[in-house]
Ligand SMILES: Cc1cc2nc3c(=O)[nH]c(=O)nc-3n(C[C@H](O)[C@H](O)[C@H](O)COP(=O)(O)OP(=O)(O)OC[C@H]3O[C@@H](n4cnc5c(N)ncnc54)[C@H](O)[C@@H]3O)c2cc1C
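Numbering (the working numbering), first residue to last: 2 to 307.
Printed below as a string of structure tokens:
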């Protein structure tokens, strides 16, 4: 642990693994630290149809495993630990983890983000089988079907509007009687004949057999319960980047995401961020992989200059 690596990568999802692939092919002395397992959140996707190179689509677990296999093929060393803090001491970055401290000249933070869950029975069971957290990823699976979007913010309305391209009807379920989304999105959603709203309503459970068939609802003002036959439930109730331990080191935006420039550089020299964790990402595998490659190139240039 006393050795100073050239580069430490935090996170073994598509962004961290792509950065690792580039860094190990650049022959940088790199260590990738991952807390759960290599592959990242795409491992949870039933089917991925929008990652280039797989015209028939590919299951998320297969894609995640292939990305990990390719990244480690060139000798990328990995450690399994949870990163709990990063400190700058002189020219070194001290990375504190559940398994002790590691040191590097440069760090790429690629810890991703987590979707907030509805926290209702059936949600976990039917994730990828009708329950989704990504309209852009899964919308096309719901052609001519009725779907629900849960939430009342910009993401929920963007998702609802996007889903009208495929679904026959989109029902926005919101626990309040007013939306948080911007006025322009509200106007567009209210004007769209395919979008209906259920106000003051929460989802109590998600029901199906192999796929989602029905959701049980409750009006929070009247207590009245009802059910809705539905094929898809898109949860748009929040996204939390894994940046809690970075407060004080980096400026985070109001959502907690890391601000970077086009080279994935943060305001701290030698600290880069890539993938879903950075502000402005479209939060897809293809963008995470691109960010990871960019960050590795930028880190290599930084390391050549110090
Ligand atoms: C169900 C589902 C379906 C999806 N479908 C699609 C799709 O069809 N197409 C598409 O393009 N995208 C899809 N996505 C989105 C895609 O998975 C993400 O955009 C992509 O995985 C982001 O990659 P990333 O490397 O930035 O982050 P992640 O994949 O989130 O990887 C981050 C990694 O960092 C690790 N980590 C976090 N914090 C720490 C820490 N403190 N210490 C150590 N390790 C840490 C995590 O364990 C994780 O392995 C889907 C996502 C989900 C959840």
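Using N, Cα and C, we set each Cβ at its ideal position, and we do this for glycine too.
Alpha helix (DSSP H) segment containing residue i, residue limits
i, result
"residue 26", "15 to 26"
For residue i, the first and last residue of its enclosing beta strand (DSSP E)
i, result
"residue 73", "Looking at the DSSP string, residue 73 is not in any beta strand (DSSP E); the run it does join, the alpha helix (DSSP H), is 61 to 74."
"residue 86", "84 to 90"
"residue 5", "5 to 11"
"residue 242", "240 to 242"
"residue 233", "233 to 236"
"residue 230", "226 to 230"
"residue 55", "First-last for residue 55: undefined, no H or E at that position."
"residue 97", "93 to 98"
"residue 33", "31 to 35"
Of the residues the options, the one placed nearest residue i, counting alpha carbons only
i, options, result
"residue 143", "282, 79, 234, 9", "234"
"residue 88", "285, 246, 184, 24", "246"
"residue 176", "221, 150, 16, 36", "221"
"residue 299", "281, 283, 164, 263", "263"
"residue 85", "79, 102, 78, 212", "102"
"residue 35", "6, 273, 83", "83"
"residue 287", "53, 29, 74, 33", "53"
"residue 39", "69, 23, 25, 29", "69"
"residue 123", "214, 18, 16", "214"
"residue 156", "90, 193, 284, 74", "284"
"residue 212", "128, 160, 74, 21", "128"
C-beta contact flag for residue i and residue j at 8 Å
i, j, result
"residue 208", "residue 229", "no"
"residue 307", "residue 104", "no"
"residue 241", "residue 114", "yes"
"residue 8", "residue 31", "yes"
"residue 147", "residue 170", "yes"
"residue 164", "residue 151", "no"
"residue 275", "residue 296", "yes"
"residue 11", "residue 108", "yes"
"residue 236", "residue 119", "yes"
"residue 75", "residue 294", "no"
"residue 43", "residue 278", "no"
Span separating the alpha-carbon of residue i from that of residue j
i, j, result
"residue 303", "residue 63", "34 Å"
"residue 239", "residue 117", "5 Å"
"residue 100", "residue 94", "16 Å"
"residue 191", "residue 249", "41 Å"
"residue 269", "residue 195", "47 Å"
"residue 78", "residue 179", "50 Å"
"residue 292", "residue 71", "17 Å"
"residue 130", "residue 81", "30 Å"
"residue 47", "residue 132", "11 Å"
"residue 272", "residue 4", "19 Å"
"residue 189", "residue 173", "13 Å"
"residue 37", "residue 257", "21 Å"
"residue 267", "residue 92", "15 Å"
"residue 219", "residue 97", "45 Å"
"residue 200", "residue 223", "11 Å"
| task | May I have a chain-ordered list of the beta strand (DSSP E) segments no shorter than 3 residues that lie completely inside the region 257 to 297? | result | 272 to 274
| Going along the chain, which unbroken runs of the beta strand (DSSP E) with 3 or more residues stay wholly within the region 108 to 175? | 114 to 116, 147 to 151, 170 to 174
| query | Unbroken alpha helix (DSSP H) runs of length 4 or more, entirely within the region 178 to 214: which are they? | reply | 184 to 192
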